[in-house]
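**Q** I have a structure I would like to understand better, so I am pasting it below and will then ask my questions one at a time.
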Amino acid sequence: MADELGRKWDRCLADTALKTATGVGIGIVFSVLFFKRRTWPVSFGSGLGLGMGYSNCQHDFRSPYLIHGHVVKDQ
Amino acid sequence: MLRVCLRGVKATAQKSSGRIRLTNVQQCRVYTTGESSGASRVVAAGLLTVTGGIGGTIIYAKWDHKFRAAVEKNVPYSEWLLGLALGPASQDAGLPIRKQMESIQPPSMMEKQMRTSKAKSEKKLKETTEPALSQPTQNIQEASAEATQIISAISEVQSIPAPCDTEPAAAAEDCKECSDHNIALETAAVLQETESAGAAEPLRERSAEEVAARLAQQNQDEKDIIASLSARLDDSLASSAKATLQAIGAQEAALQAITQHTHKLKEAMETEGPTEEKSTQWKDLEAALADRTTSVNVAKTALVKANEALDSLKSVIDKSRGLKITAARPLILAAEENLHKMVVDLDKVVSKVQSAESEAKIVAQYTELVNEAKQQFQREVSSLTPEIQANWKGLTGKLSTDDLNALIAHAHRRIDQLNRELAEQRVRGQIHMEAALEQQRAEDQKALDKAVGTATQHVKEEARLEQERKLADLREVIEAEMRTQLRRQAAAHTDHVRDVLKVQEQELRAEAEQELSSKLLEQETRYRQLTQEQLDDFTLDMNAAYARLKGVEEAIDSHVEAEEEARKAHRLWLSVEALTYTLKTASAESPSMPLEDAAEAVRASCVDSDFALALTSALPEESLKRGVYSEASLRARFNSLRSLARRVALIDESHNTLYQYFLSYVQAALLFEKQQEVPPTQLRSEDLDPFKLLSYASYCLEHGDLELAAKLVNQLRGEARRVVEDWLTEARLTLETRQVISLLSAYANAVGLGTTQAP
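Protein sequence lines, in the order shown, are assigned to chains A and B.
Going letter by letter, the first sequence gives residues 207 to 281 in this note's numbering.
Going letter by letter, the second sequence gives residues 83 to 841 in this note's numbering.
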C-alpha cells in the first residue's frame, strides 16, 4: 500500500510527461501544418496534454474514493 | 504560513462546530428554562391531586370500615398510613360476634332438647320421694330420654328407653315386668304414693332385685289384704247367711204357723163337729195361735238379726269396695249378690208372711164375725126356744108343731129381719165396702208403694249388681285385652330392642374391627418402618463403603489420569513453546516461518482440549500459511510509512485533488512535530491529528507496545489510512498470532501447573 502511492506518482508523472510531450508534439504539428507556426497550438497542445495528464493523475489518485453508483429506474 | 492558514481553517471549522453545539445546548437550556414554569405548574397540579386523593381515602376509610379493610388489603403500606392517621381499626364487632352466635346456636339446641326431656321427666314425676336416686340416674335419664325421643317418634305415649346401653338384657325383662306392673298399677289406680311415683316414672330404672322385691311386696300386700278381705267377707257372709237363713226359716215357720192357724181356724169355723172335737179343735187352734205368735216373734227377732247381719255385711262390702283392689272385686261382687239374694229372699218371705198375716187377720175377723153371728143366733134361738139347747140338730122328734111353727115364724121373722139387715148391711156394706175399698186402696197404695219401693230397690239393686257384674266382666275383658296389648307392646319392645341390639352390635363390631385394623396397620407400618430403617442404614453403610472404594479407585485412576494429563500438558507446553519459537524465526525483512507445522503439532498435542483447539483454529490463516512479521520489522516499516503518511495527511474522500496533494506535501515539508510523543490515556479530539497520532504510535512502537501503536494508527483517516492499511493488517496479524500463542502458552502453563503435583 505504501508503494502504491509511489507507483501512482510514477505513473502519473510519466503519463503527464508523455501527454504533455504528445500535446506539444501535436501542437507543433498543428502549428506547423495548420496554424502558420504560431505558438498557441503548441501551448494549447501542451496545456491539453498537461490537463489530460493532470486529470488522469487526479483520477488515478482519486480512484479509491470514487463511488460508482447505479441508477435504478423505477418501473 | 499556509500550514498556519490550514490549521487555522481547520481549527476554526472545529471550533465553529463546537460553538454551534454549545449554542444548541444553550438554546436547549433556554427552551428548558422557558418551559420550566409550565412544568412546575404541571408538577404542582399533580402534587395537589395526589394529596387530595390520599386525604379523601383516609377520611372515607375512617367512615367506612369495610373500605378501610379493602384498602389495607390491597395497597401495601396503607395499613401503616391509616393506622397513623386514624388509629388501629376496631374489628371486634365483626367476626367474634358471628362466632359467638354460631357457638351459641348448637348449645341452645342441645339445651332445648335437654330442657324438654327434663320437663317431660318432671311432668312424669308427680312427687319424687326418691330424689337421691334421681341424681345418679340423671344422665342415664337424659340420655335415655333423648334415645326415647329419637327411637320412638315423639308422642305422648310413655315409652321405655332401651336400657340395654347400660344394663344386661335381664334387666330389660325385669323392666318390662316393671313396666307391665307399672301400667297395671296405674290402671288399677294409685295405692300408695311411692307406688304412684313408681308408676308415674316409667323412665326410671330400678334394679332387678328392687323390682322383684317390690313386686313381691306388692303381691304379698295384695294377697294379705285380699285374704283379710275375703276372710271378713266370708265371715260376714256366713253370719249374714246364717242369720238370713235363720230368719227365713223363722219366717217360713211363722208362715207355716200362720197358715196352719188360719187353716185350723177356717176348719174350726167350717166344720161343725162334736163338742169334743170342737174343743180339741179350739185347743189346737189356741196352740196354733200360740205357735203362730211365738213363731212370729221368733221370725221378727230373726228378721232383725238378719237385717243386722245384712247391714254389717253391707258395711263390710262397702269398706272392702273402699279398699279398691281388683282381685277382691269378684269377691265383693259375689258377696253383694249374695246379700242381694238374701235381702230379696228375706223380703219375699216377709211379704209372704205379711200376706199370710193379713189373710189370717181376715180369717180371724171372719171367724170373729161368724162367732158373733153364731152367738147371736144362739142367743136368739135360745131366746125363742129357751128349752132348746144349743145342739138343736139332734132335736128332730122332740119339737112340737107349735114350736115348729113358732120356730118357722121366728125363722121367717128372722129371715125378714135378716133380709132387712142384709139389705141394710148390703148398703152399709156397700158404703163400708167403698170405705174399706178406699182404706184398702190406701193401704194397697201404701203397700203398693212399699212393694214398688222395695221392688224398685230390688230392681235397682239388681241392676246395680248387674252393672257391677257387667263392669267386672268388662273390666276383665279389658284387662285381658290390655294384657294382650301390653304383651304385644312388650313383644314389639323386645323386637325393637333386639333390632337395636343387633344394630349396636354391628356398629360396635365395625368400630372394634376398625380399631383393630388401624392398630394392626400401625404396628405393621412401624415394623415396616423399622425394617426399612435397618435396610436404609445398611444400604447407607454399604453405599459409604462402596463410595469409599470407588473413591480410592477413582483416586488411583485420577492419579493415572493426572500423570497422563501431566504428560499431555508437557507435550502441549512443548508444542506451544515450539510455536512461540517459530515466531522468533522472523528476520528483519522476511516474515517468520509458516506456523502451520507448529500449529499442527499443537493441535495434535491438545486433541482433547476444546479450548486449545479453538485457539489453534483462531490462528489467522495468513500466519499459518505465510508466517508473521516480527515486531522489529514492523517497526522499521513504520518509520518509512510515517513519512508517507505525513505527506498525504490532508487527503481524504473529499479532499483528493492534486492541488490538495500538493498542499499536503507542502504541509508535510513544513510541519515539524515531535518524533515521539507520549500518548495520553484518553484521546481527545485534537489528538486525532495524523501527525500527533504518528508520533504517539512511534513512541509506542519504540517502547514495544505494538497494540497501542496499531490502535493509534487505526485512528488515521483518509489517504493516510489507506497508505498504512497494509502495515496495519500486518500488525494486526502479528498481534493476533501473538495473542493466540500467548493464550496457548498461558493455557499450557496453567495446565502444566495444574497437573504438576507439589512434592
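Each residue gets a CB set at the ideal place from its N, CA and C atoms; glycine is no exception.
Note that the structure is predicted; figures quoted are calculated from it, not measured.
Using a 10 Å radius around the Cβ and a threshold of 16 neighbouring Cβ atoms, would you call B:L665 buried or exposed?
**A** buried
**Q** Report the three-state DSSP secondary structure of B:T219 (helix, strand or coil).
**A** Caution is warranted here: a pLDDT of 48 is assigned to B:T219, below 50, making its placement in the model unreliable, and no coordinate value can be reported.
**Q** From B:L661 to B:D692, what distance separates their C-alpha atoms?
**A** 18 Å
**Q** What is the DSSP secondary structure of B:N681, reduced to helix, strand or coil?
**A** It should be noted that the sequence gives Ala, not Asn, for residue 681 of chain B. B:A681 falls in the helix class under three-state DSSP.
**Q** Tell me the rounded alpha-carbon separation between B:K456 and B:Q363.
**A** The C-alpha of B:Q363 is placed about 17 Å away from the C-alpha of B:K456.
**Q** Would you please verify whether the beta carbon of B:R804 is less than 8 Å from any beta carbon of chain A?
**A** Yes, its Cβ sits closer than 8 Å to a Cβ of chain A.
**Q** Inspect the CB distances between the region 211-221 of chain A and the region 263-279 of chain A and report whether three or more fall short of 8 Å.
**A** yes
**Q** Should the region 389-403 of chain B be regarded as contacting the region 300-315 of chain B, the criterion being three or more beta carbon pairs within less than 8 Å?
**A** yes
**Q** Spatial neighbours of B:L177 within its chain, please: CB distance less than 8 Å, with the 5 preceding and 5 following residues excluded, ordered by chain position.
**A** Interpretation of B:L177 is limited by its pLDDT of 47, a score under 50 that renders its predicted location unreliable; no figure is taken from the coordinates.
**Q** Applying the 10 Å Cβ sphere with the 16-neighbour rule, what's the burial state of B:I414?
**A** By the Cβ neighbour-count rule, B:I414 is buried, with 16 or more other Cβ atoms within 10 Å of its own.
**Q** Pull up the CB-CB distance for B:S34 and B:L732, whole angstroms please, since I reckon it's below 8 Å.
**A** Outside the modelled stretch of chain B, which goes from 83 to 841, sits residue 34 of chain B, for which no answer is possible.
**Q** Do B:V432 and B:L347 come within 8 Å of each other at the CB atom, strictly closer than that value?
**A** no
**Q** Can you have a look at B:V579 and say buried or exposed, based on whether 16 or more other CB atoms are within 10 angstroms of its CB?
**A** buried
**Q** Of the choices B:A714, B:G800 and B:V806, whose alpha-carbon is the least far from that of B:H785?
**A** B:A714
**Q** I need the straight-line Cα distance from B:H514 to B:K382, nearest angstrom please.
**A** 32 Å
**Q** When the Cα of B:N831 is compared with those of B:L327, B:F620 and B:E647, which residue comes out closest?
**A** B:E647
**Q** Given 8 Å as the limit, is there contact between the region 809-820 of chain B and the region 685-704 of chain B, that is, 3 or more CB pairs closer than that?
**A** yes
**Q** Give me the Cα-Cα distance between B:A309 and B:Q302, rounded to the nearest whole angstrom.
**A** 10 Å
**Q** If you reduce the DSSP assignment to three classes, tell me which class B:M675 lands in.
**A** coil
**Q** Does chain A have any CB closer than 8 Å to the CB of B:T739?
**A** At a cut-off of 8 Å between beta carbons, B:T739 contacts chain A.
**Q** Threshold first: 4 residues or longer. Then list the alpha helix (DSSP H) segments lying entirely within the region 120-174 of chain B, N to C.
**A** 147-156 and 160-168
**Q** Mind checking whether B:K774 and B:E755 have CB atoms under 8 Å apart?
**A** yes
**Q** Taking 8 Å as the threshold (beta carbon to beta carbon), is A:P270 in contact with chain B?
**A** yes
**Q** Here's a check: name, in chain order, each residue in its chain whose Cβ is nearer than 8 Å to the Cβ of B:E439, leaving out the five neighbours to either side.
**A** So the qualifying residues of the chain are I340 and V378.
**Q** Which of the three DSSP states is assigned to B:C688 in this structure?
**A** coil
**Q** Buried or exposed: which applies to B:A626, given that a residue is buried once 16 or more other Cβ atoms fall within 10 Å of its Cβ?
**A** That one is exposed.
**Q** Using only alpha-carbon positions, find the residue among B:E759, B:L654 and B:A554 that is nearest to B:G834.
**A** B:L654
**Q** Can you give the Cα-Cα distance for A:L272 and B:E735, rounded to whole angstroms?
**A** 8 Å
**Q** For A:L219, would you say it is in contact with chain B, using Cβ-to-Cβ distances shorter than 8 Å as the test?
**A** no
**Q** Assign B:E703 to one of three DSSP states: helix, strand, or coil.
**A** Here DSSP, grouped into helix, strand and coil, assigns B:E703 to helix.
**Q** Let me know if B:W809 comes out buried or exposed under the rule of 16 or more other beta-carbons within 10 Å of its beta-carbon.
**A** buried
**Q** Please list the residues of the region 720-739 of chain B that have a C-beta atom closer than 9 Å to any C-beta atom in chain A, keeping them in chain order.
**A** S722, L723, L726, A727, R729, V730, I733, D734, E735, S736, N738 and T739
**Q** Taking B:T811 as part of the alpha helix (DSSP H), name the residues at either end of that continuous run.
**A** E801 to T837
**Q** Flag B:Y747 as yes if its beta-carbon sits less than 8 Å from any beta-carbon of chain A, otherwise no.
**A** Not one chain A Cβ lies under 8 Å of B:Y747.
**Q** Does chain A have any CB closer than 8 Å to the CB of B:Y711?
**A** no
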